[in-house]
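To start, the structure itself, in structure tokens.
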Amino acid sequence: MRWQALPLLAGFAIVALIITARAILAEAQVADRDASRQAIEAQQLLSSLLSLAQDAETGQRGYLLTGEKSYLLPYQHAVDALPALLKRVDEMFPDGSDRAQQVVGIKDALTRKQAELAETIRLYDTGNTAKALDIVRGGRGKLEMDQIRANIDAIRRIDGASLAARAERMEQIEGWLRLGSFAALLGIFLLGIYTIRQSSRRFQEVAAAQDALSAKNAALLNEIDTREKAESQLRQVQKMEAVGQLTGGIAHDFNNMLAVITSAMNLAQRKLARGEHDVQSFVEAAADAAARAANLTARLLAFSRQQPLAPQIVDANRLVTGMSDLLRRTLGHAIEIETVLAGGLWKTHADPSQVENAIINLAVNARDAMDEKGKLTIETANCHLDEAYAAAHPEVKAGQYVMIAVTDTGAGMPADIVAKAFEPFFTTKPAGKGTGLGLSQVFGFVKQSGGHVKIYSEPGEGTTIKIYLPRFTGPEEAAQPVKADGRSDVPATETVLLVEDDARVRASTAAALLELGYTVIEAAGGDEALQKLGQNAAIALMLTDIVMPGMNGRQLAEQARKHSLSLKVVFMTGFTRNAVVHNGVLDHDVHFIAKPFTLEQLAAKLRDALA
């Protein structure tokens, strides 16, 4: 392949040489033109010098003939202008030039001529007119002028010969330039033909290579498509496995709870049928199972990031300090608890109850990992997760965070366990020791709050779980006023409008309200509720479901407040669907109670709303 490139390289070299020669010749041509211009300027300067000498002589003779001073004006102008003109002559014809001798002759003759003119004028002015005219008639001035003209003519001949030589040289240069241009064009033309032929051959080679590459790309795309289909099928299988694990865990736990409820209620029914009334233990067992089922649904909502949050400005140091007694009671005296609280800790904006639940969940997991003996450390710090960390963890947004870390001295976890730790119903604890929802609940809450959670663990080295909640940089919120009367033991006398589309839920909730002492008006939907609200001015509070066919609870509340501005509204639902919760945050000044709820929870929520 090297020898094939030699003609191309030689052609480029020839063209480069021709272009270089043309550039050199062009520079010489420019120099010749500059020299010609300078010769012309010199001729013009000498002509001006001769003209001044003639003007001076003309003025002198006119004065001598007439005696009129006005005739001396050309003479005086010449005398004034000659010094500057002679200076330019010295600059243009420096010593050592080929015209220096003639220039000296011109200057000497001009000096003598000036002296002769000045002498005749002086004699005339002093009354020696005859003597002045004798000097003029003597012809000395004419000889000086002839000397000036002769020297100027000599310079003109020298410059003329030089200009002729330069003109001849310029013609030669022009000839060389034309020849060089023709040779360059010919070389470029031949080089273009050669390049086209070479390009045509190479194009054919490239086309053949491209065809081969296209065939390989088609095979590669086919392989990629096959692999993507396989990966999609694998992801679907993994997704189904995850859904299967989730639904299996839910079914397992709910079946256990339903088994307790069903068994307890059947036994209670049998005893009551026999006239026996010692059924308290069965009722308590059923209530406990129902509470555990409610807790399970709450954890599932937390994992799915759909639990309603009520965020506030949280001082994590104060929150951790306030939990010390609760943690000691929960973990037992065998666990040593140490807190390391950072000074100047930033505030965060989160649901404080959920932050507490997260810390308790992590602490309980740590206690179980330490086999109920060891040291638990809770640490707070200001952290900045930079762009590099965010790039390594795509779900993380770079920025400032408040960190809460829980560290234990347990057995630690291998990497494969750490990778699954946040999956719902995944647990390494023995049967009956845990549901596998603790860490998944923490994960869901932190993500719903815009934060990040990370596990650091090695077998035999213990575990650290770090929660990162975004730093709050807005203005401090005003403290919430304490309600004057929010106790559930205050006698209830108000009228409550209950709106629930599910007849069984409506019946049980109405019974609960009646048990609490409220007067209850029931409605199965929004339209019926508005009708009854317009018919009864005594209604003080509306307890409404959110998810209903037609008009939902939020829309109903907006319409109802048009009838009565003082109407209190409490929303209830098992799933909000963004009616009173937006971006996971409960709307401001909204009273909300999640289904299922106990009689005590309902009483407290209603008293709080009515207060």
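Remember, this note's numbering sits 48 above the position in the sequence shown when you count from 1. For glycine and all other residues, C-beta sits at the position ideal for the given N, C-alpha and C.
The alpha carbon of residue 610 has as its nearest neighbour, out of 497, 163, 582, 656, the alpha carbon of 582. Buried is the label assigned to residue 164, since at least 16 other Cβ atoms lie within 10 Å of its Cβ.
Annotated three-state conformation of residue 383 is strand, per DSSP. For residue 457, the CB contacts under 7 Å within the same chain, skipping 5 residues up- and downstream, are 418, 422, 423, 510 in chain order. Secondary structure at residue 181: helix, using DSSP grouped into helix, strand and coil. Per DSSP, residue 640 is one residue of the beta strand (DSSP E) stretching across 639 to 642. In the DSSP secondary-structure assignment, residue 430 is bridged to 450. Beta-bridge annotation (DSSP): residue 597 is not paired with any residue. When the beta-carbon positions are compared, residue 586 and residue 577 stay at least 7 Å from each other. Here residue 130 has 100 as same chain residues with Cβ atoms under 7 Å from its own Cβ, once five neighbours each way along the sequence are excluded.
If you keep only unbroken alpha helix (DSSP H) runs of at least 4 residues inside the stretch 238 to 283, you get nothing at all. Here residue 211 has 84, 87 as same chain residues with Cβ atoms under 7 Å from its own Cβ, once five neighbours each way along the sequence are excluded. By the neighbour-count criterion, in which 16 or more other beta carbons inside 10 Å mark a residue as buried, residue 500 falls on the buried side.
Note: residue 200 is not bridge-paired with any residue in the DSSP secondary-structure output. Beta-bridge pairing by DSSP links residue 500 to 516. CA-to-CA, the gap between residue 488 and residue 406 works out to about 10 Å.
Judged by their CB atoms, residue 591 and residue 618 are nearer to each other than the 7 Å cut-off. Counting along the chain, the unbroken alpha helix (DSSP H) around residue 557 starts and ends at 551 to 564. Linking residue 217 to residue 239 through their CA atoms gives a straight-line distance of about 32 Å. As computed with DSSP, residue 397 is found in a beta bridge with 361.
Of the other Cβ atoms in all chains shown, fewer than 16 fall within 10 Å of the Cβ of residue 78; this residue is therefore exposed.
The beta-carbon distance between residue 156 and residue 126, rounded to whole angstroms, is 17 Å. This is too long to meet the 8 Å contact definition. Nearest to residue 393 by alpha-carbon distance, out of 519, 382, 507, is 519. Its chain contains 616, 617, 618, 619, 653, 656, 657 as the residues whose beta carbon lies nearer than 8 Å to that of residue 639, once the 5 sequence neighbours on both sides are disregarded; these appear in chain order. Pairing residue 444 with residue 428, the inter-Cα distance amounts to about 19 Å.
A Cβ-Cβ contact shorter than 7 Å links residue 154 with residue 196. Bridge pairing for residue 75: absent [DSSP].
In the three-state DSSP reduction, residue 155 falls in the helix class (H, G or I).
By the criterion of a C-beta distance shorter than 6 Å, residue 575 is surrounded by no residue of its chain, once the five residues flanking it on both sides are discounted. By the CB criterion at 7 Å, residue 451 and residue 514 fall inside the cutoff. One alpha carbon belongs to residue 189, the other to residue 82, and they sit about 37 Å apart. At least 7 Å separates the beta-carbon of residue 161 from that of residue 171. Here DSSP, grouped into helix, strand and coil, assigns residue 420 to coil.
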